[in-house]
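Taking this note's numbering, I'd label the letters of the sequence shown as residues 1006 to 1129.
By construction, the Cβ of each residue, glycine as well, lies at the ideal position given by its N, Cα and C atoms.
In this text the structure is predicted, and so the values were computed from the model without any measurement.
Shown next, in structure tokens, is the structure this report addresses.
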Amino acid sequence: MKENLKILIADDNEMMRLVMRGFFIKYLVNPIIKQTTNLEETYSLLLEEKFDLLLLDINMPNGDSNPQTVVNLKAKYPDLKIVMFSGNDKETLEPEYLAAGAVGFIQKNEHMNTCTKEVIETIL
């Protein structure tokens, strides 16, 4: 497994950011993790730094992340792996986001640990 992956967690909920940070630390070797709380901060940090993985919440202040957001990010950062993160229904939304270029979808529920591990194993 690749070491020192640079990960950006973009979510407005502090508890969700902490939980996901914990999962990444558990399943990866020495990940470098940064966090943002809205799309504007996320775009700004992506301009400043290169990341391997973006965990992107769908519903955030200052703009939601729709499939076009993923298309735009992939056009600008083609090597960036984007995983969607949402409390919204995965079965309904996942196909649209995967078609737009996301590599995974983690639903905020009691199975986040398992889903995170599966997504990491799939994309790395």
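Checklist line | Outcome for LYS1086 when other beta-carbon atoms lying within 10 angstroms are tallied against a minimum of 16 | finding: buried
Notebook entry, point to check: Nearest to ALA1107 by CA position, among MET1025, ASN1071 and TYR1048, is which residue?
Noted result: ASN1071
Next item on the list: Please look up how many angstroms separate the CB atoms of ASN1043 and ASN1067, rounded, as I've assumed it's under 8 Å.
Entry: 4 Å
Next item on the list: Along the beta strand (DSSP E) that carries VAL1088, what are the first and last residues, could you check?
Entry: 1086-1091
Notebook entry, point to check: Taking the C-alpha atoms as reference points, what is the distance between VAL1124 and GLU1053?
Noted result: 26 Å
Next item on the list: Give the C-beta separation of ILE1038 and ILE1014 to the nearest angstrom, bearing in mind that I take them to be a contact with Cβ-Cβ under 8 Å.
Entry: 6 Å
Note to self: Within the continuous beta strand (DSSP E) that includes ILE1038, where are the two ends?
What the structure shows: 1037-1041
Next item on the list: Please go through the same chain and pick out, in chain order, the residues whose beta-carbon is closer than 8 Å to the beta-carbon of ASN1009, but skip the five residues on each side of it.
Entry: VAL1034, ASN1035, PRO1036 and ILE1037
Margin query: Determine, for TYR1102, whether the minimum Cβ-Cβ distance to residues of chain D falls below 8 Å.
Written below: Note that chain D does not occur in the displayed structure, where there is just one protein chain.
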